[in-house]
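Residue numbers (this note's numbering), protein chains in the order written: chain A, 159 to 421; chain B, 159 to 421; chain C, 8 to 306; chain D, 504 to 765; chain E, 504 to 765.
Positions of the beta carbon are idealized from the N, C-alpha and C atoms, including for glycine.
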Amino acid sequence: MARETNPRLQKIKHLLQYVSLSIVILAVWQTLYHLGYIKPIILPPPSKIALTFWELLNSGAMAKHVGISVLRVLEGFGIAAVLGLSLGIAIGLSRTFDRLTDLIIQVIKPIPPIAWIPLAILWFGIGEKSKVYIIFLGAFFPIIINTIDGIRQTDHKFVEVARILEVPRFKFVRQVVIPGAFPAIMTGIRVGLMVAWMCVVAAELIAAGSGIGYLIMDARQLSQSDVVLVGMITIGIIGKLMDSLIKRLEKRLIGWKVSYVGD
Amino acid sequence: MARETNPRLQKIKHLLQYVSLSIVILAVWQTLYHLGYIKPIILPPPSKIALTFWELLNSGAMAKHVGISVLRVLEGFGIAAVLGLSLGIAIGLSRTFDRLTDLIIQVIKPIPPIAWIPLAILWFGIGEKSKVYIIFLGAFFPIIINTIDGIRQTDHKFVEVARILEVPRFKFVRQVVIPGAFPAIMTGIRVGLMVAWMCVVAAELIAAGSGIGYLIMDARQLSQSDVVLVGMITIGIIGKLMDSLIKRLEKRLIGWKVSYVGD
Amino acid sequence: FANEIRIATQPSPFCASILIAKHKGWLEEELAKVGAKPAIKWTSFAAGPPMNESFAAGQQDIGILGDTPAIIGKAAGIDTRIIGITASGPRSLAVIVPTKSGIKSPRELKGKKVGVVKGSYAHHLLVLVLQKGGLTTNDIELINLSQADIATAITSGNIDAAAVWEPLITKLESQGAVRVLADGTGIKKGVLVIVASNDFVTRNREQTKAFIRAYQRGAKFIKANPKEAARLTAADFNLPPEQLVKVLAKLDFHPAIQADDIEELKKSEAFMRSASLIKAPVSIDNFADTRLARESGIR
Amino acid sequence: MGTAGSLGESLVIEQLNKTYRVSTGDVPALQEINLTIGEREFVSIVGSSGCGKSTLLRIIAGLENGYAGTVKLGDRRIAGPGLDRGMVFQEHRLIPWLTVEQNVAFGLNGRAPGENERLVREHLELVGLSSFAKAHPHQLSGGMAQRVAIARALVNQPKLLLLDEPFGALDALTKIQMQQEILRIWEAERTTMVLVTHDIDEAIYLGDRVVIMSSRPGTVKKIMAVDLTRPRDRSSYEFIQIRKGIYAEFFAEAEKPFAYAI
Amino acid sequence: MGTAGSLGESLVIEQLNKTYRVSTGDVPALQEINLTIGEREFVSIVGSSGCGKSTLLRIIAGLENGYAGTVKLGDRRIAGPGLDRGMVFQEHRLIPWLTVEQNVAFGLNGRAPGENERLVREHLELVGLSSFAKAHPHQLSGGMAQRVAIARALVNQPKLLLLDEPFGALDALTKIQMQQEILRIWEAERTTMVLVTHDIDEAIYLGDRVVIMSSRPGTVKKIMAVDLTRPRDRSSYEFIQIRKGIYAEFFAEAEKPFAYAI
Ligand SMILES: Nc1ncnc2c1ncn2[C@@H]1O[C@H](COP(=O)(O)OP(=O)(O)OP(=O)(O)O)[C@@H](O)[C@H]1O
Ligand SMILES: Nc1ncnc2c1ncn2[C@@H]1O[C@H](COP(=O)(O)OP(=O)(O)OP(=O)(O)O)[C@@H](O)[C@H]1O
Ligand SMILES: [Mg+2]
Ligand SMILES: [Mg+2]
């Protein structure tokens, strides 16, 4: 407020800063390639990556791969959301249920999705089911853990109010506990979706014939490092977009929260 | 407080609940195997898994694999902690630096570690370096993101106090910003270590000859599903132990926090 | 009759024969001759081990894979039998070194980093080649890598040599990146097999035979028209037809199991036991069902 | 007015003792409290921080169970929360994602829906917030939020309303308005009121009696009757005299080296 | 005492206007404030919530920059924070992970280490907390924490101390003790004091003058001189008269349908 600055100029400056480092890196990389310091087999130049990207876009292959991967992710994530939320709420509400499940959840949680691939194939075969299962595993734990936490963090002050007013448990859970857990649940949903998306590569290691993870792993078999990079960057960009989207949704859905904290 | 219960009995009851579901599942699983409903190739019975576990423990193979994996994880995690913390603090403190790096971080973050394997091999070869790199990638983002968040969440009330007292920026950062970010940083460290540990399987997909991830993937190639399960369970147990350990450390280090919240 | 046959293949030229039968519609023709009209479900696997998992899950009826993964699967308790030989070709598997490498003989592999897919038939070849140089796997640094990573690792100088199979040999050779140090000639026949689940064979013996006949037609076609065969299947293997022709020339497609195939399989099995790749022995005489091909009228 | 009211529904506390068990030992919070509050009486409680005022109110509300002694409302021993007692806290404790209306209806359970609506409407009118029925708590000022909390506590028509520093966070002007409001409500609803406050003026302005508590452990030090007609004048001689008396009680205690005790 | 003190280091506010720019439009927070506070004077400011008291203090402290008008301390125009002005907030704002000693030393910069120690020691003595030098904030009671905050604000020996409801969260007894404490400090340190409070008794008890502000936008409604010798008796006739006057000012404003404005 002290310095008198043109807000418009400021905005442009910020925007420039936002992209400048990326541009510098790309430029240096391209130059190093032209100077022969970077062998294209080790790291193809940005120009080549851009070209490959463009070709994949143009041929419609990229849209197909991304589309299939997104569908898989949504499917696995959807199941994880339903199960994670309902189990999370149940565990959050019942200490007994929590004690019963805690050990299993704690031990299964650190097992990475790729380690599940052999069992996934044995249990669900090599079709869509096993891929969805791998993605499900990735999304499930962030959702359930955050849901449990959210439920647990129910403000004790409201518990007292409900006790004094003899509010029936079900009404209390519906009107206070679950809405109160909502911000934590949203965080779980957001992290869960991100992890689900990150699991797509692992999932598509299973006998896939399409999908963005398949694109990368196939290109890897064929030593096409440009395609590998295009695949990686695509995952990165879509991941970022998903995250931004959910964050925006989150803000809109829990508008009361901002005001409440400042209350 | 209302019900008169023996706290000792209560404790035993809780302990029983804690393990009971696991025991029931194992028992049902074993029974289904004996009844012939589960083919051992699809899912070996608990007795077989326990036997294999015991053999691997006894031969010292398990200790070797776990030891090597833990070393790799600590190495990758260590680098991630140093880089994540220092970059995170720098970005948290400087809006300009943040704008410069944000896009790159946001796009690289969603790329899963396995997708990096081809490039890791190209850049770092097939030795330890590429494995450590994969683990590093897993741990780096939780640490840097949480550090940035922690720094950002510096209580504005303290900023005002420091302004009024004309506290030099460096002193303010050292005495207020960084200690204030400490809980968030610890969360980053904890999540980072967990993810690093989960990345060990992906990392050991790269030309490994030992390690718990190698154990799983090797067993997979040789269709030894009992060893695969032993590997998975070991990862789960060690992951849980790591988590509990850091949580305990966290509690001890930020004792002031509990009291502060209630303040 | 089954109303579905599930066939597992790999994107590798040794599957050329069955894929030609697929493209030409011969499998359907042969099945129709025995009065069956099943749906055919094709699945391509990156390697033998995941195919084994799929067989274990009961999701495949017939599959094409190397002899070693087939034996591993059998040893692990997957209920399958060998119903035929996919192809053999001593020159289709080899120990390769970078073109500029100083390694001229197997003996010089001592102390070197050698990449191989552990448990693959190239692993067996490597052991045999080392034997020729008076070495064992203890004398080298054996590095377990997938074929894809071997290609990367050897071109970027991360490993000194590798034991691989086609089409990688031809691919890397044509790039001028590697040369062959030793291939299977005289030491390993390089047998790949067709396995089928026992359950499928017992219930659908006629269809199994029809499959073998269709396979034989594909095999004959490759011998007669290698160029046309290469053109037809190039897309399946993501390989330029010129290179594919070279690869096909190294492979002998002959579904009927010969006596020397049995010998070869027995050697493989012995090797795998000695290398602790399998825990339980596998009886090759029981595993390989030589009657099916004979009953199909193929010799 | 004056001492204990009619017998019927009076609150009787006899030989009440309460000890908190914490890891470092036992904390005696209340010791030998004897107090009878008559039906429709308005009793204020003052005392320094930590002297157990909230603990006492929480016991009456039924939120604390492990105590020794007798606490009875009418002839029923208090063993848990009940709709015969309402409570308002220092923080309004409105549920932020529910509207004002829903917050008030939160305590209404097991009635016919039409009756629910009527009761909510009536009580919002009572606190003068009918036009804010659809607003969310964050859209209200502190005083308005506190009034909603009062409406919520009253909607079940409790016999006894417990107020734990309900106006502590409000500014001087709003506070005075709220004091008048609560008097009006008390007169309209004929509810027994027990008010904990730090504001001695407030205690005198509102209470029929002012209970002064001493701290660690909390005991009833003195009970002062406020025999002034309402509306009371805070600047009147009698008012100031009572205030002086209470201050004196306070400072007798303050002679102890209070500053160095945590 | 009385009106503006000596010229030397007095605080002069002339035609001060402050508007907050928010997404929904402009919020006028202060309008045409004219106020001169003499050296060593003790001025209390009262006014209902949201009338701009904190805003005024923040402008004097240098925490708010975008205002119109003149605010000068001595002959220096206030453009930012400075060590000549200290501030104490309603919440103590002690840094929880630093000890009492470190919290007080937090504001001491660019002095010789020996001097630092001496100043911290002296100021902890001043607020009577020498024995708590090594304690952490969470080990202190509310009043003690507030005293540490005062020591921290005073350690740089500012000419002007700004107090924004410093005792608002304390109980009646502690509050009265703190009021006596602050008077003692004021006499010992010879600092000009500006105190914002919601407690009218407190404003009169402490201030040489009481500034009454009206709200939305905040203006100075009236300034009342408290010409009473210290120590003052809260029950004295004169005290009560002044209080009555301030209440009257307040209620003149409250006649407006305040309850329905957010
Ligand atoms: N749940 C609890 N566990 C242990 N001790 C407690 C608990 N609640 C209160 N206490 C202790 O009991 C005593 C009385 O507390 P209480 O909250 O009733 O005081 P209060 O008079 O309401 O104080 P304030 O005016 O600050 O609200 C205090 O010493 C407090 O530390
Ligand atoms: N940062 C800000 N942005 C926008 N408006 C603000 C800001 N700070 C204060 N205001 C507005 O300015 C007005 C005065 O606020 P201020 O905090 O100075 O009041 P106050 O007298 O201190 O109130 P209280 O007694 O509740 O502390 C209020 O209407 C408030 O909403
Ligand atoms: Mg209390
Ligand atoms: Mg204020």
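- Remark: the shortest separation between the CB of tyrosine 523 of chain E and any heavy atom of ligand 2 falls under 7 Å.
- In the three-state reduction of the DSSP assignment, glutamine 534 of chain E falls in the strand class.
- Take the alpha-carbon of valine 549 of chain D and the one of leucine 351 of chain A: they are about 54 Å apart.
- Annotation: the continuous beta strand (DSSP E) that includes leucine 666 of chain D extends over 663-667.
- In the structure shown, asparagine 151 of chain C falls within a strand segment according to DSSP collapsed to helix, strand and coil.
- Note: glutamate 618 of chain D is not bridge-paired with any residue in the DSSP secondary-structure output.
- If you draw a 10 Å sphere on the C-beta of serine 526 of chain D, you find fewer than 16 other C-beta atoms in it, and that means exposed.
- With a minimum length of 4 residues, the unbroken runs of alpha helix (DSSP H) contained wholly in the stretch 591-663 of chain D fall at 603-608, 616-629, 645-657.
- A contact is defined here as three or more CB-CB pairs under 8 Å, and the stretch 662-681 of chain E fails this definition with respect to the stretch 337-355 of chain B.
- Here the distance from the Cβ of lysine 556 of chain E to the nearest heavy atom of ligand 4 is below 7 Å.
- Within chain A, the residues placing a beta-carbon under 7 Å from that of asparagine 245 of chain C are Leu380, ordered along the chain.
- Proximity of glycine 577 of chain E to chain B, defined by a Cβ-Cβ separation below 8 Å, is not satisfied.
- By the rule that beta-carbons nearer than 8 Å mark a contact, serine 127 of chain C does not touch chain A.
- Chain-ordered, the chain A residues with CB closer than 7 Å to the CB of arginine 257 of chain B read His172, Gln175, Tyr176.
- Look at threonine 573 of chain E here: in three-state DSSP terms it is strand.
- By the Cβ neighbour-count rule, threonine 177 of chain C is buried, with 16 or more other Cβ atoms within 10 Å of its own.
- For ligand 3, a non-hydrogen atom lies closer than 7 Å to the CB of aspartate 667 of chain D.
- Per the DSSP secondary-structure output, isoleucine 92 of chain C pairs in a beta bridge with C/Val200.
- DSSP assignment within the stretch 238-279 of chain B yields the following whole alpha helix (DSSP H) runs of 4 residues or more, N-terminal first: 253-266.
- Judged by pairs of C-beta atoms under 8 Å, the stretch 86-94 of chain C touches the stretch 263-270 of chain C, as three or more such pairs exist.
- With contacts defined as CB atoms closer than 8 Å, alanine 169 of chain C and valine 123 of chain C qualify as a contacting pair.
- With distances taken between CA atoms, leucine 179 of chain C lies nearest to C/Ile157 out of C/Gly191, C/Val198, C/Ile157.
- By the CB criterion at 8 Å, valine 574 of chain D and isoleucine 516 of chain D fall inside the cutoff.
- Assignment of beta-bridge partners to methionine 696 of chain D by DSSP yields D/Phe545, D/Leu664.
- Taking isoleucine 653 of chain E as reference, the option from E/Arg614, E/Tyr708, E/Met696 with the minimal CA-CA separation is E/Met696.
- In the three-state scheme derived from DSSP, where H, G and I count as helix and E and B as strand, serine 19 of chain C is classed as coil.
- For proline 248 of chain C, the enclosing alpha helix (DSSP H) has its first and last residue at 248-256.
- By the CB criterion at 8 Å, isoleucine 336 of chain A and isoleucine 247 of chain A fall inside the cutoff.
- The nearest non-hydrogen atom of ligand 1 is 7 Å or more from the C-beta of aspartate 256 of chain A.
- For the 8 Å CB-CB criterion, aspartate 190 of chain C and alanine 101 of chain C form a contact.
- Chain-order list of chain B residues neighbouring serine 163 of chain C: Ile279, Leu280, Gly283, by C-beta distance under 8 Å.
- Closer than 7 Å to some heavy atom of ligand 1: that does not describe the Cβ of valine 723 of chain D.
- Three or more beta-carbon pairs drawn from the stretch 547-566 of chain D and the stretch 581-599 of chain D are found closer than 8 Å, and the two stretches are therefore classed as touching.
- DSSP places arginine 524 of chain D in the strand class (E or B) of the three-state scheme.
- Taking a 10 Å sphere around the C-beta of tyrosine 195 of chain B, we find fewer than 16 other C-beta atoms and assign the residue as exposed.
- Per DSSP, leucine 190 of chain A lies in no beta strand (DSSP E); the unbroken alpha helix (DSSP H) holding it starts and ends at 165-192.
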